[in-house]
Amino acid sequence: MDSYKGIYLKQSLSLIWNLKFIYKDLPKISEPIFLMHDKNDKTVPFKNLEIISKGIASVNKCVNIVEMKGGKHTHHSLLMYRSVQEDYTKRILNFMEARYDHETN
Numbered sequence: 000m001d002s003y004k005g006i007y008l009k010q011s012l013s014l015i016w017n018l019k020f021i022y023k024d025l026p027k028i029s030e031p032i033f034l035m036h037d038k039n040d041k042t043v044p045f046k047n048l049e050i051i052s053k054g055i056a057s058v059n060k061c062v063n064i065v066e067m068k069g070g071k072h073t074h075h076s077l078l079m080y081r082s083v084q085e086d087y088t089k090r091i092l093n094f095m096e097a098r099y100d101h102e103t104n
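Put into structure tokens, the structure is as follows:
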């Protein structure tokens, strides 16, 4: 599955312009959070996972470092790839169910 390798200028400029506000607001995130990033993501730098993980205030975080094997892809939008879809979906559901069980008991 090949994906578009070009640049979406308007969205890119918007993101770049707002990054300073995003970084500033990271400590405001205190809710449980599930983070997943592929080491070989060609769209978003892998270092962003650490920036977010260290920058947020949440003590209840699940950090998933993944590395998709095979195929020709950008290692981005991970749930779109059937080869990993079931495994990654289970991880997300397990995280959510554990938080729900904790909140209701």
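Mapping of the sequence shown onto numbering that gives the first Met the number 0: position 83 corresponds to residue 82, and the numbering continues sequentially without gaps.
C-beta: ideal position from N, C-alpha, C; glycine also.
Spatial neighbours of residue i in its chain, beta-carbon cut-off 7 Å, leaving aside the 5 residues before and after
i	result
Glu-66	Asp-37, Lys-38, Asn-39
Ile-91	Phe-33
Ile-28	Ile-55, Ala-56, Ser-57
DSSP-derived helix/strand/coil call for residue i
i	result
Lys-53	helix
Asp-40	coil
Met-0	No answer about Met-0 holds up, because its pLDDT of 48 lies below 50 and its placement is not dependable.
Met-35	strand
Val-58	coil
Ile-64	strand
Lys-19	helix
Residue burial classification, residue i (beta-carbon count within 10 angstroms, cutoff 16)
i	result
Phe-45	exposed
Leu-78	exposed
Leu-48	buried
Own chain residues within Cβ distance below 8 Å of residue i, not counting five before or after
i	result
Ser-52	Leu-34, Lys-60, Val-62
Tyr-22	Ile-50, Gly-54
Ile-15	none
Closest by C-alpha distance to residue i, when choosing among the options
i	options	result
Phe-94	Leu-18, Ile-15, Glu-30	Glu-30
Ile-64	His-74, Ser-57, Val-58	His-74
Ser-11	Asp-24, Lys-27, Thr-42, Ala-56	Thr-42
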